[in-house]
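Student:
In the working numbering, the protein residues as written are 66 to 320.
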């Protein structure tokens, strides 16, 4: 199991008192960009291949694609687009939309290029023009970022006024996080280095000029809502199962 700082749970919980946006921990991984998209092992030991899960992941993004369709976003940037599942999902909803993505992994980016124009590298290095996009999505990326303030500022810069931001990240102070402590499954991804809570992410987005329209906690409409995981929640000594509140999706508008 991953070695974690002794004060990690208290550090996240104290974000409310300190007024900080996230709890920073050192990276516990090397050059993970290429490794991340191959065969991986879940914290509870389950072997997975993210490429094999592409279709399931594409369907999992349907709730975001539906929201974006309602906003009539014609020009979309998916930051940290991975294999392109979110782009593929939106492509089915908005056939004529102009789709872009950034991705650190050349392997994942090549796969994603089937669904949009992909820049291999950091968002800041892409040097998009000011107010280029109607919508920006950032799904489980910001927790991997060394400097979230610079990252969110760049998103704001490239997003049009009144444009849409959809941002998802784990809640590291969720009910599961408090119940399981260091056995909270979201802590055992070695690439998670900037840990937010629900409260701290609300403050972060508002302070950086975004109006939060709604927040969702996807679970009941996913494959993770099953008897096996519900029974696992009774055992607080093992790695926590996927559960309601583990991650949060913010739907925002640039003010």
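Where a beta carbon is used, it is the ideal one built from N, C-alpha and C, also for glycine.
Keep in mind it's a predicted model, so treat the numbers as computed, not measured.
Hey, out of 161, 70, 312, 268, whose CA is closest to residue 239's CA?
Tutor: Along the chain shown, read from residue 1 onward, the residue named residue 239 stands at position 174. Cα-wise, what sits closest to residue 239 is 312.
Student: Do residue 319 and residue 224 count as a contact pair if the criterion is CB distance below 8 Å?
Tutor: Walking along the chain shown from the start, residue 224 turns up at place 159. Walking along the chain shown from the start, residue 319 turns up at place 254. Taking 8 Å as the Cβ cut-off, residue 224 and residue 319 qualify as a contacting pair.
Student: Judging by CA-CA distance, which residue of 183, 220, 170 is the nearest neighbour of residue 194?
Tutor: Walking along the chain shown from the start, residue 194 turns up at place 129. When only C-alpha atoms are compared, the closest one is 220.
Student: Specify the secondary structure class of residue 247 as computed by DSSP and reduced to three states.
Tutor: Taking the chain shown and counting its residues from 1, one reaches residue 247 at position 182. DSSP places residue 247 in helix when its eight states are reduced to three.
Student: In whole angstroms, give me the CA-to-CA distance for residue 91 and residue 258.
Tutor: Taking the chain shown and counting its residues from 1, the one referred to as residue 91 is at position 26. Taking the chain shown and counting its residues from 1, the one referred to as residue 258 is at position 193. Going from the Cα of residue 91 to the Cα of residue 258 covers about 6 Å.
Student: Identify every residue that forms a DSSP beta bridge with residue 312.
Tutor: Numbered from its first residue, the chain shown carries residue 312 at position 247. Answer is 235.
Student: Assuming residue 294 contacts residue 283 (C-beta within less than 8 Å), just tell me the rounded distance between them.
Tutor: In the chain shown, residue 294 corresponds to position 229, counting from 1. In the chain shown, residue 283 corresponds to position 218, counting from 1. Their Cβ separation, rounded to whole angstroms, is 14 Å, which puts residue 294 and residue 283 out of contact at 8 Å.
Student: Around the Cβ of residue 180, are there at least 16 other Cβ atoms within 10 angstroms (buried) or fewer (exposed)?
Tutor: For the purposes of this step, residue 180 is identified with residue 115 of the chain shown, where counting begins at 1. Residue 180 is buried by the Cβ-count criterion.
Student: Would you be able to state if there are at least three C-beta pairs under 8 Å between the stretch 113–120 and the stretch 271–278?
Tutor: Counting C-beta pairs with one atom in each stretch, the stretch 271–278 and the stretch 113–120 have fewer than three that are closer than 8 Å, which means they do not touch.
Student: Exposed or buried, residue 137, counting other C-beta atoms within 10 Å across all chains shown (16 or more means buried)?
Tutor: The sequence position of residue 137 within the chain shown is 72, counting from 1. So residue 137 counts as exposed.
Student: Is the separation between the beta-carbon of residue 228 and that of residue 198 shorter than 8 Å?
Tutor: Looking up residue 228 in the chain shown gives position 163. Looking up residue 198 in the chain shown gives position 133. Closer than 8 Å, so yes.
Student: Quick check on residue 285: buried or exposed, where buried means 16 or more other Cβ atoms within 10 Å of its Cβ?
Tutor: Against the chain shown, residue 285 aligns to sequence position 220. Exposed, since its Cβ has fewer than 16 Cβ neighbours within 10 Å.
Student: Does the Cβ-Cβ distance between residue 205 and residue 167 come in under 8 Å?
Tutor: Sequence index remark: in the chain shown, residue 205 carries index 140 (1-based). Sequence index remark: in the chain shown, residue 167 carries index 102 (1-based). No, Cβ-Cβ distance for residue 205 and residue 167 is not below 8 Å.
Student: Do the stretch 263–272 and the stretch 246–254 touch if we need at least three Cβ pairs shorter than 8 Å?
Tutor: no
Student: What residues are listed by DSSP as bridge partners for residue 275?
Tutor: Here residue 275 corresponds to residue number 210 of the chain shown, with the count starting at 1. 319.
Student: Quick check for students: name the residue ranges of the alpha helix (DSSP H) that lie wholly in the stretch 126–169, counting only runs of 4 or more.
Tutor: 127–136, 150–158
Student: Residues in the same chain with beta-carbon distance under 7 Å from residue 76, minus the five sequence neighbours each way, listed in chain order, please.
Tutor: On the chain shown, position 11 is the one that residue 76 refers to. Cβ neighbours of residue 76 beyond the five flanking positions: 88.
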